[in-house]
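Before any comments, here is the structure.
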Amino acid sequence: MSKSTLESLIGATAYDERGDKIGKVKQIYLDNQSGAPTWAAVSTGFFSHDSLVPLAGAEHLPDDGSLRLHVDKELVKTAPFHDGSRISAQSEQELFQHYHVDPRAAGWNAEGRPRIRPEDDAPMTHGNQSRTVTGQSDTARYGDDSMVRSEEQLRVDTESEEIGTARLHKSVVTEEQTFKVPVTHEEVHVEREPITDRSGRATIGEEDREVTLHADQVHVDKETVPVERVRLAVDEVDDETTVSETVRKERVEAEGIDDRRRQEP
């Protein structure tokens, strides 16, 4: 596999086998014997350190800058801790067991097919022969008269997590309502009409006459009717937060120069 192919993996977005985002690839570890890429250090955002993920069965898609891993995201969250140095034989065996990876087929090529390691008991990435392809954090010497100055750089990623819940609750309350209702009722009064024709006979005695009076009576009834639909709507609000972290950087100082000049970044 060419060096350019490996370097193209640095910064790629890693996804698990279900398509869930894991994080950014920061470092690639090569097998001591075969030179095949074996592990990738991914900045997941789960912890302050990077997580190691196996490259066996992975598929690199340069068009969208993604790396599809043959591993579940939950396994990455619980992977054994690694401090970013060379992987010891014991640490590698723990990683093999955690990810259920066959050590004999742990290598990877650009087509995603596994590469077989030459010896069953040979460690993948440890000792003085281990090699690492990195982004900004690689430190090495080139020739006899030059050195590479490295520094740590912060890479910030975000992950959605639950911060609380909201709920709707319906309760029953009472209130007093007053209405004015128009009504009618009947009243009686006396009308008198003089008689001008006195040809008829008249008698004197007691006599009664009755009339029935009416009035509107108000009756109140209750009916339950729907009046409003209420739901919870979630809005995504853009915000900004400040994070701080301490980083290290190397400083190069020259000695034995006549003008005693020091070179600092």
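Taking the numbering used here, the leading residue of the sequence shown gets 11, the next gets one more, and so forth. Ideal Cβ placement from N, Cα and C applies to all residues, glycine included.
Segment contact flag, the region 82 to 102 with the region 21 to 37, C-beta cutoff 8 Å, min 3 pairs: Using a Cβ-Cβ distance cut-off of 8 Å, the region 82 to 102 and the region 21 to 37 are in contact, since at least three pairs of beta carbons, one from each stretch, lie closer than that value.
Taking contact to mean at least 3 C-beta pairs separated by less than 8 Å, is the region 161 to 168 in contact with the region 196 to 216? No, the region 161 to 168 does not touch the region 196 to 216.
Relative to the ligand GTP, is the shortest distance from any of its heavy atoms to the C-beta of S95 smaller than 7 Å? For the ligand GTP, the structure offers nothing, since it holds no ligand at all.
In chain order, which continuous runs of the beta strand (DSSP E) of length 3 or greater are located wholly inside the region 49 to 74? Within the region 49 to 74, the complete beta strand (DSSP E) runs of at least 3 residues are 61 to 64, 69 to 71.
Measuring straight from C-alpha to C-alpha, what distance separates G67 and S98? As a working mapping, residue 67 is identified with position 57 in the sequence shown. As a working mapping, residue 98 is identified with position 88 in the sequence shown. Approximately 22 Å between the Cα atoms of the pair.
Looking at the structure shown, is P90 part of a helix, part of a strand, or coil, going by DSSP? Here residue 90 refers to the residue found at position 80 when the sequence shown is read from its first residue. In the structure shown, P90 adopts coil according to DSSP, grouped into three states.
Around the Cβ of R141, are there at least 16 other Cβ atoms within 10 angstroms (buried) or fewer (exposed)? If you number the sequence shown from 1, residue 141 lands on position 131. Its pLDDT being 41, under 50, R141 is placed unreliably in this model, and the value from its coordinates should be taken loosely. With fewer than 16 Cβ atoms within 10 Å of its Cβ, R141 is classed as exposed.
At the level of alpha carbons, what is the spacing between P64 and R239? For the purposes of this step, residue 64 is identified with residue 54 of the sequence shown, where counting begins at 1. For the purposes of this step, residue 239 is identified with residue 229 of the sequence shown, where counting begins at 1. Linking P64 to R239 through their CA atoms gives a straight-line distance of about 51 Å.
Whole-Å CB distance - R159 paired with E260, under 8 Å assumed: The residue given as residue 159 occupies position 149 in the sequence shown. The residue given as residue 260 occupies position 250 in the sequence shown. Contact check for R159 and E260: beta-carbon distance about 5 Å, within the 8 Å limit, so the pair qualifies.
Where the beta strand (DSSP E) through S76 begins and ends: Along the sequence shown, one-based indexing puts residue 76 at 66. Element bounds for S76: 76 to 78.
C-beta atoms of Y25 and S76 nearer than 8 Å: The count along the sequence shown starts at 1 and reaches residue 25 at position 15. The count along the sequence shown starts at 1 and reaches residue 76 at position 66. Cβ atoms of Y25 and S76: closer than 8 Å.
In whole angstroms, what is the alpha-carbon distance linking R177 and D245? One-based indexing of the sequence shown puts residue 177 at position 167. One-based indexing of the sequence shown puts residue 245 at position 235. If I take the Cα positions, the gap works out to 15 Å.
Using only CA atoms, which one of V228, D207, T234, T213 lies nearest to V182? In the sequence shown, residue 182 corresponds to position 172, counting from 1. Minimum Cα distance to V182 is reached at T234.
Got a sec, what are the start and stop residues for the beta strand (DSSP E) Q37 sits in? Numbered from 1 along the sequence shown, position 27 holds the residue referred to as residue 37. Residues 31 to 40.
At the level of alpha carbons, what is the spacing between E220 and A212? By one-based count along the sequence shown, residue 220 stands at place 210. By one-based count along the sequence shown, residue 212 stands at place 202. Between E220 and A212, the alpha-carbon positions lie close to 21 Å from each other.
DSSP three-state assignment for A3, whether helix, strand or coil: Residue 3 is absent from the model: the chain starts at 11 and stops at 275.
Output the boundary residues of the alpha helix (DSSP H) element that contains A99. Within the sequence shown, residue 99 is the residue found at index 89, counting from 1. Looking at the DSSP string, the run of the alpha helix (DSSP H) that includes A99 is 99 to 109.
Beta-ladder partner(s) of H195, from DSSP: The residue given as residue 195 occupies position 185 in the sequence shown. Bridge pairing for H195: A225 [DSSP].
Looking at D82: is its Cβ nearer than 8 Å to the Cβ of E17? Within the sequence shown, the letter at position 72 stands for residue 82. Within the sequence shown, the letter at position 7 stands for residue 17. Not closer than 8 Å, so no.
K259 in three-state terms, based on DSSP: Taking the sequence shown and counting its residues from 1, the one referred to as residue 259 is at position 249. Note: K259 maps to strand in three-state DSSP.
Do D41 and V52 have their CB atoms nearer than 8 Å? One-based indexing of the sequence shown puts residue 41 at position 31. One-based indexing of the sequence shown puts residue 52 at position 42. No, Cβ-Cβ distance for D41 and V52 is not below 8 Å.
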